[in-house]
Amino acid sequence: MNILITGGTGFIGSRLANAFIKDRHHVYILSRSSATSEHPYMHYIEYSMDNINQLSWTKELPEDIDLVYNFAGATLNKKWTEAYKDEIVNSRLDMTKMLIQWLSDSGVKPLAFINASAIGYYPTSEIVEYDEFDRLSSSSFLSDVVNRWEAAASQAESLGIRTVFSRFGLVLDADHGAMVQLKTLYQANLGGNIGSGRQWYSWVHIDDVINALLFIGVNQDISGPVNITSPVPVRQREFSKVLSAVLGKPNFFKTPSFLIDKVLGERALLVTEGQKVYPSVLLNNDFKYLYPTLEQAMEQIFSEA
1 MNILITGGTG FIGSRLANAF IKDRHHVYIL SRSSATSEHP YMHYIEYSMD NINQLSWTKE
61 LPEDIDLVYN FAGATLNKKW TEAYKDEIVN SRLDMTKMLI QWLSDSGVKP LAFINASAIG
121 YYPTSEIVEY DEFDRLSSSS FLSDVVNRWE AAASQAESLG IRTVFSRFGL VLDADHGAMV
181 QLKTLYQANL GGNIGSGRQW YSWVHIDDVI NALLFIGVNQ DISGPVNITS PVPVRQREFS
241 KVLSAVLGKP NFFKTPSFLI DKVLGERALL VTEGQKVYPS VLLNNDFKYL YPTLEQAMEQ
301 IFSEA
């Protein structure tokens, strides 16, 4: 197969690309800088976002693209100034609009258009349980980003293309994302509850993320929102206990919410608040998790760290 990935040099995109080329599929990665690969199945295509109507990069694509994974977007792990919030939104919408324009103009019809998204779609709550069947309006900056991004990507549906919104939870990996910072805290004996400790963490192991994305790509029965989370979400206090046990580090330090708010500002809600989210679509389609429980995931992560 021929697979196009935007954001293909990022955390999830790069892992997905490697999974595809391992199975001898050709991967085409859109990149804002010039890049090359010695691997015969990895292809980099340079593009510019200065003019999203400029589609000259498409000349380097094969005639048929079987799957499109759209993961490009500015990171959330920077200070959310008003200017940077605009960048978070625009980087996602502009790339998506460019891809939709290409698909519309070219008539290329992949098996699926799989767009990145996030469980930030759902309001934070210590009580309510959510799954893909909940339809909600924006309740925060993050949910507004998700709603607008999914609305832009949904234009692929009008072109007759199966469209999926992959709503990622807290992705666990030894070398990327939140786990790197958390491991550092525990190694400094500063691990423990964050805020109330009652907030839900709907987490997922990186290997299950990649397997879910491969599964979604070939399963023609799946469309619309898909929560890519473990089937066993936990509260933050339980998350910290498991991490403490696996690392063999104390778990008594408590970080108050007001301190996190002071340091992180608006993006503090990423750690002080949460949602209890279930992956009903994956479970209903018999997706098999490698690491369904947090204990299994943590043990695997730190056995290789």
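Residue 249 in the UniProt record's numbering sits at position 249 of the sequence shown; the count goes up by one each step and never skips. Glycine residues also receive a C-beta, built at the ideal position from the N, C-alpha and C atoms.
| Asked | Found |
| --- | --- |
| For residue 234 and residue 259, the rounded distance between their alpha carbons | 23 Å |
| Under the three-state DSSP convention, the category residue 283 falls into | helix |
| Beta-carbon proximity list for residue 73, same chain, < 6 Å, skipping 5 on both sides | 91 and 92 |
| Segments of 3+ residues assigned as beta strand (DSSP E) that fall wholly inside the segment 89–141 | 112–118 |
| Inter-residue spacing [alpha-carbon to alpha-carbon] between residue 225 and residue 151 | 11 Å |
| Any 3 or more C-beta pairs closer than 8 Å across the segment 136–143 and the segment 171–187 | no |
| Residue 247 - DSSP class collapsed to helix/strand/coil | helix |
| Inter-stretch contact (C-beta, 8 Å, three-pair minimum) for the segment 166–180 and the segment 116–136 | yes |
| Span of the alpha helix (DSSP H), counted from its first residue to its last, around residue 42 | Run containing residue 42: none in the alpha helix (DSSP H); it sits in the beta strand (DSSP E), 42–46. |
| Residue from 223, 62 and 146 whose Cα sits closest to the Cα of residue 41 | 62 |
| Contained beta strand (DSSP E) runs [length at least 3] in the segment 170–251, N- to C-terminal order | 170–172, 203–205 and 224–228 |
| Distance, residue 291 Cα to residue 302 Cα | 13 Å |
| Whole-angstrom distance between residue 255 and residue 219, CA atom to CA atom | 43 Å |
| Helix, strand or coil at residue 84 according to DSSP, with G and I counted as helix | helix |
| 8 Å contact criterion, which residue 210 and residue 16 should meet: CB distance rounded | 6 Å |
| Contact set for residue 66: own chain, Cβ-Cβ below 6 Å, skip 5 residues either direction | 1, 2, 110 and 111 |
| Cβ-Cβ separation, residue 192 to residue 253 (assumed contact under 8 Å), whole Å | 4 Å |
| Burial state of residue 153, where buried means 16 or more other Cβ atoms lie within 10 Å | buried |
| Euclidean distance between Cα positions of residue 156 and residue 163 | 6 Å |
| DSSP-derived helix/strand/coil call for residue 29 | strand |
| Extent of the continuous beta strand (DSSP E) to which residue 166 belongs | 163–168 |
| Segment limits, beta strand (DSSP E) that includes residue 6 | 2–6 |
| Proximity below 9 Å, CB of residue 131 to CB of residue 227 | yes |
| Through-space distance from residue 129 to residue 278, alpha-carbon basis | 8 Å |
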